[in-house]
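Peer 1: Sharing a structure below in structure tokens format, with a few things to ask.
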Amino acid sequence: MWKIKTLYNVEPPATEEEMRAAALQSVRKITEFAIPSAANREVFERAIAQVAQVSSTLLASLVTAASPKNRAVEAAKARARAVRRFGS
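Its first residue numbered 1, the sequence shown is counted upward by one per residue in the numbering used here.
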């Protein structure tokens with residue numbers, strides 16, 4: 001199971017690598033292919049690139065008055081929640 005990461009309104013901003021990873025996760029979920037067949041590899045990769053581009057455009061277009069969340073702080077909070085929920 002994959003952990004979905006928030007890419008909007010965080011500091012530092014999402015990298016191209018993170019955008020591609022999120023796009024890959026989405027395309028895998030939609031197609032149910034972890035790895036596409038050779039016959040589908042080109043379309044699979046093209047879909048990943050397109051989803052990443054659209055996602056990047058979306059994130060650049062959104063507006064908010066909220067302050068960006070600090071990734072390190074949010075990760076520490078998530079780890080603390082996991083320890084409370086599942087133990088050390």
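We put the beta carbon where it would ideally sit given N, CA and C, even for glycine.
These numbers were taken from a predicted model, which means no experiment stands behind them.
1) Here's the rule I'm using: 16 or more other beta-carbon atoms within 10 Å means buried, otherwise exposed. How should Ala78 be labelled?
2) Between Leu7 and Ala14, how many whole angstroms is the CB-CB distance? I'm expecting something under 8 Å.
3) Work out the CA separation of Ile4 and Glu74 for me, nearest whole Å.
4) My assumption, with CB atoms under 8 Å, is that Thr57 sits in contact with Asn9. Please give the rounded CB distance.
5) Tell me which residues share the same chain as Ala34 and place their Cβ nearer than 8 Å to its Cβ, disregarding the 5 neighbours each side in the sequence.
6) Suppose you measure from the CA of Ala49 to the CA of Glu11; what does that come to, to the nearest Å?
7) Hey, Ser55 and Ala22 are a contact pair by Cβ (cut 8 Å); roughly how many whole angstroms apart?
8) Which value, in whole angstroms, describes the spacing of the CA atoms of Thr31 and Ala47?
9) What is the residue span of the alpha helix (DSSP H) that Ser26 lies within?
Peer 2: Looking at the coordinates:
1) exposed
2) 4 Å
3) 13 Å
4) Actually they are not in contact, since the Cβ atoms of Thr57 and Asn9 sit about 16 Å apart, beyond 8 Å.
5) Arg28
6) 23 Å
7) 6 Å
8) 11 Å
9) Glu16 to Thr31
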